[in-house]
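Heads up: the structure comes next, in structure tokens.
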Amino acid sequence: MDPEAAVNSTTQETLVAPPVTLSPAQIKECNDFYIITGVFVGCFVVLGVVGNSLTVYVFQRAGNRTSTMYLISNLAIVDALVSLMFLPVSIPPTVASLATFYIAYVSNMAYTLNQISIFFITILVWQRYVSVCKPHDARYWTKISVLRGMAIFAVILAIGTYSPGFFKYKIIKFQFPISKSYDVPLNYTLMLVQEV
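Residue numbers for the sequence shown follow the working numbering, beginning at 1 and rising by one.
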């Protein structure tokens with residue numbers, strides 16, 4: 001039975017796939033790619049986490065916390081989490097179960113955090129606009145309690161928007177050494193096939 005048939009099949013049949021073999025040159029090319037990617041992604045993650053952690057540390061230590069500092073601290077926390085989500089990108093596909101789990105679930109979490117980051121930037125820009133262009137309304141709209149409510153609403157909205165994505169994939173384990181994902185129409189559940 002062809003592995004492609006697993007997409008539309010509702011039966012619990014055992015799939016048989018031919019073994020995949022790579023030449024030594026292809027294996028070296030893959031290893032080089034993951035070494036270079038791992039170095040770049042690792043540097044990105046370290047710089048992102050350290051820089052955002054320093055931002056939060058400095059703003060938490062400030063004596064007079066302004067609403068802008070509150071928003072930037074929230075943005076730095078979310079951005080540090082986003083940079084941590086990129087860490088599994090440098091994992092080679094030999095760790096099939098982790099790579100499949102990343103595709104199915106962790107990447108959706110990264111989309112959610114990106115959306116939260118976008119909302120926080122939008123709130124920050126809006127708050128700056130009100131402070132500069134509407135100074136009479138700024139007293140109310142720049143209160144930390146009001147901005148905290150807006151931030152909580154933004155987080156709930158982003159989670160609500162991306163929560164269906166956590167149910168988009170279905171991981172099915174088969175007894176053959178292949179890890180493959182299938183593209184299917186939107187009305188089907190996408191199955192990610194992985195080795196056991």
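Note that the Cβ used here is the ideal one computed from N, Cα and C, for glycine as well.
Classification of residue i by the beta-carbon crowding that lies within 10 angstroms, buried from 16 upward
i	result
Gln26	exposed
Asp32	exposed
Which of helix, strand or coil DSSP assigns to residue i
i	result
Val132	helix
Lys170	strand
Arg61	helix
Leu22	coil
Lys143	coil
Thr66	coil
Phe119	helix
Phe86	coil
Best match in the options for proximity to residue i [C-alpha to C-alpha]
i	options	result
Gln127	Ile116, Arg148, Asp79, Met109	Arg148
Leu58	Ala76, Gly42, Phe167, Val41	It should be noted that the sequence gives Val, not Leu, for residue 58. Considering only alpha carbons, the answer is Ala76.
Met109	Tyr162, Phe40, Lys28	Tyr162
Tyr129	Thr68, Ser83, Ala158, Leu81	Thr68
Query - Cβ contact check for the segment 154-169 and the segment 124-144: 3 or more pairs under 8 Å - result: With a cut-off of 8 Å, the segment 124-144 and the segment 154-169 do not count as touching, because too few Cβ pairs lie within range.
Query raised in the report: Is there contact here, the segment 136-155 with the segment 110-124, by at least three beta-carbon pairs under 8 Å?
Result: Between the segment 136-155 and the segment 110-124 there are three or more inter-stretch CB-CB distances shorter than 8 Å, so the stretches are counted as touching.
Requested in this report: Taking 8 Å as the threshold, find out whether the segment 138-145 comes into contact with the segment 49-64 through three or more Cβ pairs.
Outcome: By the criterion of at least three beta-carbon pairs nearer than 8 Å, the segment 138-145 is not in contact with the segment 49-64.
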